[in-house]
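In this text, residue positions in the sequence shown follow the UniProt record's numbering: the first is 1, and each later residue adds one.
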Amino acid sequence: MDATLTSVPTELLLGGCEKPAARARRFPVYNPATEEILLETADAGPDDAAQAMDIAAATQPDWAATPPRQRAEILRRAYELVELYRDRFARLITLEMGKPLAESHAEVSYGAEFLRWFSEEAVRINGRYTAAPSGAGRILVTKQPVGPTLAITPWNFPLAMGTRKVAAAVAAGCTTIIKPAPDTPLTMLLFGAVMAEAGLPQGVLSVLPTSDAAAVAAPLLADPRLRKLTFTGSTGVGKSLLAQAADRVLRTSMELGGNAPFVVFADADVDAAVEGALAAKMRNGGEACTAANRIHVDNAVLAEFTEKLTVRMAKLTVGDGTRPGVDVGPLINERQRSRVGELVDDAVDKGAALLLGGQPTPGRGYFYPPTVLTEIPSGARLLTEEVFGPVAAIAGFDGEADGVAAANATEYGLAAYIYTRDLDRALRVAEQVESGMVGVNRGVISDAAAPFGGIKESGLGREGGGEGIEEYLETKYIALT
Ligand code: NAD
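Put into structure tokens, the structure is as follows:
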């Protein structure tokens, strides 16, 4: 067994204490590069969810009353411990999720940064005090923790998607139950143990891996003691959770799917745009909600851009992410690989030109090669559905208005990227693009200090930045004479 795995707790973490699942249920976690079982972990069910809820509700008053400075210092220690154990975290992320080690290290930096960022935010939860305009009273506005929170996370960033939620909730004074994705529960279990080591009091955090998400989530969402749902995942699951949350008018934050346009205007620095596209497309093997899903290039530079991007994509090495020199790891599972294949086949059947890749790699592991398609016909599913894989789909356009229209032709609105040398155009287009985040002449935009989130069907609310902690706070108005 890989030595990293020996340090991973494999029971549930109920209020920070390890405990087997009711009826001792367990489920396997696979390495997507080898299809072998890494470990078996406890498999939470409704009984365990109920116990986690009891603990979260019982601990909430004490945790809310814990001085912000104390909450901040626990988060700061957690940041330092994640950094101290970075090799262990990075290897574990690669083993269960597949991304190359260098990218796992980048995720550890990004994920740890939320702990540091929210340790700094915990002591800056401010209200206000003003005179009523009529002169007939005073207005006191204060912030209070929203209360016990359920966090549900996806598999593509096993550490960062969790710390982005847990750090903000802990900073705000909310007890939290986190349900990681079944493909990648191990990183969150290790993180739960690190939070305990950092001094997080028992009861504040529970980690509930499960093979049956609905069986754990549905009773929690129906429980009147739960006050907040924060979800990152697909738009389809997000909609069904929103419907359940509506029954109790539960506070929600929803980080959902994306279909990011990457728009290259005629005046762009083409070489910089190619590097940016490579980062925006291939970071995390394309399995990122912010991944450039559609690359729209002005016809004036389309041929040059396509040729240069194809050359760069062809040089990427695919393989087991634990090996040195690998740029692209496997996809998360066979279902995801078949889906990528289906979207590529659909585009080719409808007339797209395949310039690179396009066939699943034979042998063990869920590998799919870097793929470039151009002349994408307007009916291709690739233009409207999230591909979540290493597939660059390039389409031409004519002029600025056409480029903006192409960018906005989607019900999603998470990230968008624009490349131009003209600052006026950059700002004009950034204002017109319907997305929560816009990268101007850069292909990677995530930053713990910036508000991350989408508009339209990409979600509700923001994570990170000054906005991130507000998602876990209620505003209370106290009227004074
Ligand atoms: P998913 O929606 O299938 O699963 C996400 C989480 O929801 C998992 O933990 C899963 O177990 C859980 N889940 C599934 N069905 C559920 C149910 N009925 N009740 C409660 N929980 C349920 O998504 P995924 O395949 O894990 O992740 C990929 C998706 O996540 C993509 O659409 C991607 O764009 C999105 N994503 C969004 C962001 C963002 O910040 N906007 C970040 C990363 C990923």
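In this text, a Cβ means the ideal position worked out from N, Cα and C, and glycines have one as well.
A quick note: this is a predicted structure, and the numbers were derived from the prediction, not measured.
Between the alpha carbons of Gly-399 and Ile-469 lies a distance of about 40 Å.
In this structure, the straight-line span from the alpha carbon of Arg-25 to that of Pro-185 is close to 15 Å.
Per DSSP, reduced to three states, the secondary structure at Phe-305 is helical. With a threshold of 7 Å, the Cβ atom of Leu-220 does not count as near ligand 1, since no heavy atom of the ligand is closer than that. According to DSSP, residue pairing for Leu-473 in a beta bridge involves Pro-145. Around the beta carbon of Arg-116, 16 or more other beta carbons sit within 10 angstroms, so the residue counts as buried. For the pair Tyr-472 and Gly-464, the Cα-to-Cα distance works out to about 12 Å. When rounded, the separation of the alpha-carbon atoms in Thr-371 and Phe-114 is 33 Å. Annotated as proximal: Arg-294 and Asn-259, with beta-carbon spacing under 8 Å. Within the chosen limit of 7 Å, ligand 1 does not reach the beta carbon of Val-444 with any heavy atom. Contact annotation, Gly-162 with Met-188: C-beta distance approximately 5 Å; criterion of less than 8 Å satisfied. CA-to-CA, the gap between Trp-63 and Leu-355 works out to about 56 Å. The C-beta distance from Pro-377 to Ala-352 rounds to 6 Å, short enough to meet the 8 Å contact threshold.
Taking a contact to require three or more Cβ pairs closer than 8 Å, the region 133 to 146 and the region 73 to 87 do not qualify as touching. A residue is called buried once 16 or more other Cβ atoms fall within 10 Å of its Cβ, and Glu-342, having fewer, is exposed. Boundaries of the alpha helix (DSSP H) harbouring Phe-191: 186 to 197, taken from the DSSP string. The residue among Ser-435, Leu-382, Thr-420 and Asp-424 with its C-alpha nearest the C-alpha of Asn-408 is Ser-435.
For Glu-35, the closest C-alpha among the options Arg-76, Asn-333 and Val-123 is that of Asn-333.
Here Gly-98 has Pro-32, Ala-33, Gly-321, Gly-329 and Pro-330 as same chain residues with Cβ atoms under 6 Å from its own Cβ, once five neighbours each way along the sequence are excluded. Under the criterion of beta carbons closer than 8 Å, Ala-273 and Tyr-419 qualify as touching, at roughly 4 Å.
In this structure, Met-161 has its CB closer than 7 Å to one or more heavy atoms of ligand 1. Proximity of the beta carbon of Asn-156 to ligand 1 is indicated: a heavy atom of the ligand is located closer than 7 Å. In this chain, Met-1 is not harboured by any beta strand (DSSP E), its DSSP state being neither H nor E. With a minimum length of 4 residues, the unbroken runs of alpha helix (DSSP H) contained wholly in the region 292 to 343 fall at 302 to 314. Under the criterion of beta carbons closer than 8 Å, Glu-287 and Asn-156 qualify as touching, at roughly 5 Å. Residue state for Ala-401 is assigned as helix, using DSSP reduced to three classes. Unbroken alpha helix (DSSP H) stretches of 4 residues or longer found wholly inside the region 232 to 275: 235 to 246, given in chain order.
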